[in-house]
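**Q** Let me begin by handing over the structure; questions about it come next.
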Amino acid sequence: MRLSGADIQCATGGEWLHGMPEWVSEIATDTRGFKSGQCFLALRGPHFDGHRFAAPIADAACALIGDARGMRYWESLPVPQLQVEDTLRALGDIAHAWRMQLKQTTVVAISGSFGKTSLRSLLQHGFSALGLHVSATTANLNNLIGVPKTLLAVPADATLALIECGISEVGEMERLSAIVQPDVAVLTGITNAHGEGLGGLAGVVEEKAALFSHLNTGAWCALGEGVADQLGRHHISQPADLLDVEQSELSWRLDGQCLHFQRGDEQSQIELSLPARHWATNMHLAACIIMRLMPEARLNDVAQALASWQAPAGRMQVRTGSGGCKVLDDSYNANPVSMQAAIDTLVAMPGCRIAVLGDMAELGEASLGAHTGLDVSGIDKLYLVGPKMHALAAGSGTARWYPDHRAAAASLSRESFGPDATVLVKGSRSMALETVVNVLCASQAAEVQHAV
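Okay, so the sequence shown: first residue is 0 according to numbering that gives the first Met the number 0, each after it adds one.
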């Protein structure tokens with residue numbers, strides 16, 4: 000970013016005290032790792048107040064941004080200070096100001112109840128392989144703090160910015176849409192994820208659709224499989240310029256692990272590392288978006304650009320476990336749709352099929368039915384973790400149940416699965432099932448470390 004002090008004042012409606020910086024090129028919200036010349040913006044929360052930590056770094060800062068209540072700690076600091084009403088809102092306003100200066104950059108906002116991180120990763124990989132300069136969300140920076148930080152990190156010469164937008168409360172998506180003002184808005188899919196905080200499935204659909212509330216001039220939208228139907232059933236109007244993958248001229252077919260694409264006379268195929276239908280649908284959506292933004296691209300070039308993609312950590316990442324088993328690390332998060340998709344992928348694998356499944360959180364009143372309604376037929380060994388999974392365990396005569404990840408990890412550390420076995424590990428973020436993955440892969444990691 001590169002914004003003048005006047006730009007920032009205009010964007011936030013704040014007031015500069017003790018002078019005004021000519022330019023601000025970087026904003027930090029954490030004093031740990033603070034770099035000289037940065038501007039420090041003090042966030043506050045239920046159990047912290049960033050204003051209290053500014054004094055030690057003030058001499059190195061080009062400016063400080065705070066609210067009236069917190070700036071009483073800064074009265075003796077001789078550095079330019081911008082007083083705003085709400086620092087979190089100011090962060091978003093500053094990010095929006097920078098976004099509006101990205102004249103050469105197509106800004107793509109990606110949301111959905113599932114698949115948004117994988118789609119962002121696919122698009123980043125595919126567009127980069129096709130020669131575009133891509134800036135994208137890193138880690139889990141997809142909320143009201145992370146999205147502004149992601150936007151502020153987009154360089155002025157980027158061709159494309161891929162911005163993940165994640166929500167858990169009513170009103171967040173409308174604000175994120177206003178900050179990002181996307182040129183392209185993508186909804187990957189909708190289910191009852193975060194239904195507890197959004198008022199059930201109807202609330203989730205309405206909140207996700209708010210991604211379309213602040214589109215840039217000339218913007219268009221892309222809808223993943225089933226999204227148009229969800230919007231229609233909940234009486235939410237669809238954007239005028241729409242790419243619906245279910246109406247796309249690009250068709251697809253999954254044959255085992257081979258994904259076939261066809262567009263008119265053009266044909267291409269990709270060999271996936273897993274027979275995962277949800278991977279195929281995400282790749283299809285990615286290919287449709289790429290070809291809409293790069294109409295001159297040939298289908299085979301797009302397919303080959305996507306072919307070398309590897310899943311992000313914790314999202315159906317294939318690892319080697321103790322005894323030579325294949326571990327499907329899908330431990331990062333879970334909701335009913337993604338959980339069933341992962342189970343279906345496991346069932347399509349050859350050999351002994353083992354699943355370690357944890358609770359799906361934030362489902363509200365739909366929680367019990369979502370857990371007991373999982374189809375686990377075809378799984379040879381089933382390990383269930385967490386209080387919400389107890390009901391599914393009670394209905395299964397062979398499943399083992401553990402109250403938490405610690406108990407599951409301790410038990411599974413005493414077992415060994417051979418080369419013919421595939422072990423799926425999946426649950427919500429709060430279940431911390433990466434501990435189980437680490438146990439399953441412990442001896443393999445030790446062997447690699449010893450070899451190094």
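Ideal Cβ placement from N, Cα and C applies to all residues, glycine included.
Whose C-alpha, out of PRO55, THR216, ILE353, is nearest the C-alpha of ASP379?
**A** The option with the nearest alpha carbon to ASP379 is ILE353.
**Q** When you compare the CB positions of ARG318 and ASP329, do they come within less than 8 Å of one another, or not?
**A** No.
**Q** Checking 8 Å against the spacing of the C-beta atoms, do HIS404 and VAL435 come in under that value?
**A** Yes, these two residues count as a Cβ contact at 8 Å.
**Q** Just how far apart, CA to CA, sit MET99 and GLN80?
**A** Going from the Cα of MET99 to the Cα of GLN80 covers about 24 Å.
**Q** Taking the C-alpha atoms as reference points, what is the distance between TRP15 and ALA54?
**A** Cα to Cα, TRP15 sits roughly 18 Å from ALA54.
**Q** Should ASN462 go down as buried or exposed, given a rule of 16 or more other Cβ atoms within 10 Å for buried?
**A** Because the chain spans 0 through 451 in this model, residue 462 falls outside it and cannot be assessed.
**Q** Given a cut-off of 8 Å on the beta-carbon distance, is the pair GLY13 and VAL83 in contact?
**A** Yes; because the gap between Cβ atoms is below 8 Å, this pair is in contact.
**Q** Does the distance from the C-beta atom of ARG276 to that of LEU253 stay below 8 Å?
**A** Cβ distance < 8 Å, so ARG276 and LEU253 count as in contact.
**Q** Determine the extent of the alpha helix (DSSP H) in which LEU186 is found, giving its start and end residues.
**A** Not the alpha helix (DSSP H): LEU186 falls in the beta strand (DSSP E), residues 183-186.
**Q** In chain order, what residues of the same chain have a beta carbon less than 7 Å from the beta carbon of GLY91, not counting five sequence neighbours either side?
**A** Excluding residues within five positions, the ones whose Cβ falls inside 7 Å are LEU143, PRO147, ARG174, ILE178.
**Q** What residues match up with ARG262 in a beta bridge as DSSP calls it?
**A** The partner list for ARG262 (beta bridge, DSSP) reads GLU265.
**Q** In the DSSP assignment, the alpha helix (DSSP H) including ALA214 goes from what residue to what residue?
**A** A quick correction: the sequence has Leu, not Ala, at residue 214. Unbroken run through LEU214: none, as it is neither H nor E.
**Q** Decide yes or no for the touch test of the stretch 328-343 against the stretch 423-437: beta carbon pairs closer than 8 Å, at least 3 of them.
**A** A contact exists between the stretch 328-343 and the stretch 423-437.
**Q** Where do the N-terminal and C-terminal ends of the beta strand (DSSP E) with LEU249 fall, by residue?
**A** LEU249 -> no beta strand (DSSP E), and no H or E assigned at all.
**Q** DSSP state of CYS324, grouped into three classes?
**A** DSSP places CYS324 in coil when its eight states are reduced to three.
**Q** Pull up the distance between the alpha-carbon of GLY36 and that of GLY18, whole angstroms please.
**A** If you take the alpha carbons of GLY36 and GLY18, they lie about 15 Å apart.
**Q** Please classify ALA155: is it buried, with 16 or more other beta-carbons within 10 angstroms of its beta-carbon, or exposed?
**A** Counting Cβ neighbours within 10 Å, ALA155 comes out exposed, since fewer than 16 surround it.
**Q** Where does GLY69 fall in DSSP's three states?
**A** In this structure, GLY69 counts as helix in the three-state DSSP scheme.
**Q** Give the secondary structure of VAL106 by DSSP, where H, G and I count as helix, E and B as strand, and everything else as coil.
**A** Here VAL106 sits in strand by DSSP.
**Q** In the DSSP assignment, the alpha helix (DSSP H) including ARG119 goes from what residue to what residue?
**A** It spans 115-128 - the alpha helix (DSSP H) in which ARG119 sits, taken as one unbroken run.
**Q** Do LEU161 and THR137 have their CB atoms nearer than 8 Å?
**A** The answer is no: Cβ separation not under 8 Å.
**Q** At which residues does the beta strand (DSSP E) containing ARG352 begin and terminate?
**A** Where ARG352 is concerned, the enclosing beta strand (DSSP E) stretches over 351-357.
**Q** I'd like the span of the alpha helix (DSSP H) that includes GLU173, first residue to last.
**A** Its alpha helix (DSSP H) spans residues 171-179.
**Q** Going by alpha carbons, who is nearest to GLN303 out of SER127, GLY165, THR149?
**A** Of the candidates SER127, GLY165, THR149, the one whose C-alpha sits nearest the C-alpha of GLN303 is SER127.
**Q** From what residue to what residue does the beta strand (DSSP E) around GLN80 run?
**A** Here the beta strand (DSSP E) through GLN80 covers 80-83.
**Q** Measuring alpha carbon to alpha carbon, tell me which residue in GLY65, ALA89, ARG68, ALA57 is nearest SER75.
**A** The option with the nearest alpha carbon to SER75 is ALA57.
**Q** Starting from THR371, trace the alpha helix (DSSP H) in both directions and tell me its first and last residue.
**A** Its alpha helix (DSSP H) spans residues 366-371.
**Q** Just tell me which of ALA94, THR105, PRO335, HIS132 has its CA closest to the CA of HIS508.
**A** Outside the modelled stretch of the chain, which goes from 0 to 451, sits residue 508, for which no answer is possible.
**Q** Residue range of the alpha helix (DSSP H) that ILE7 falls in?
**A** Looking at the DSSP string, the run of the alpha helix (DSSP H) that includes ILE7 is 4-11.
**Q** Please identify the residue among PHE47, LEU423, LEU362 whose C-alpha is closest to the C-alpha of SER167.
**A** Measuring from the Cα of SER167, the nearest candidate turns out to be LEU362.
**Q** Report, in whole angstroms, the separation of the C-beta atoms of ASP460 and GLY313, which I expect to be a contact under 8 Å.
**A** Past the edges of the chain, shown from 0 to 451, lies residue 460, and the structure says nothing about it.
**Q** Which residue marks the beginning of the beta strand (DSSP E) containing LYS380, and which one marks its end?
**A** LYS380 -> beta strand (DSSP E) spans 380-384.
**Q** Smallest Cα separation from ASN437: which of ALA409, GLY199, ASP419, PRO418?
**A** Answer by Cα proximity: ALA409.
**Q** So ALA108 packs on VAL185, CB below 8 Å; how close in whole Å?
**A** The Cβ separation is near 7 Å, so the contact holds.
**Q** Pick out whichever of ILE269, VAL424, ALA398, CYS440 has its Cα sitting closest to the Cα of ARG413.
**A** For ARG413, the nearest C-alpha among the options comes from CYS440.
**Q** Any idea what DSSP makes of ARG88, helix, strand or coil?
**A** Three-state result, ARG88: helix.
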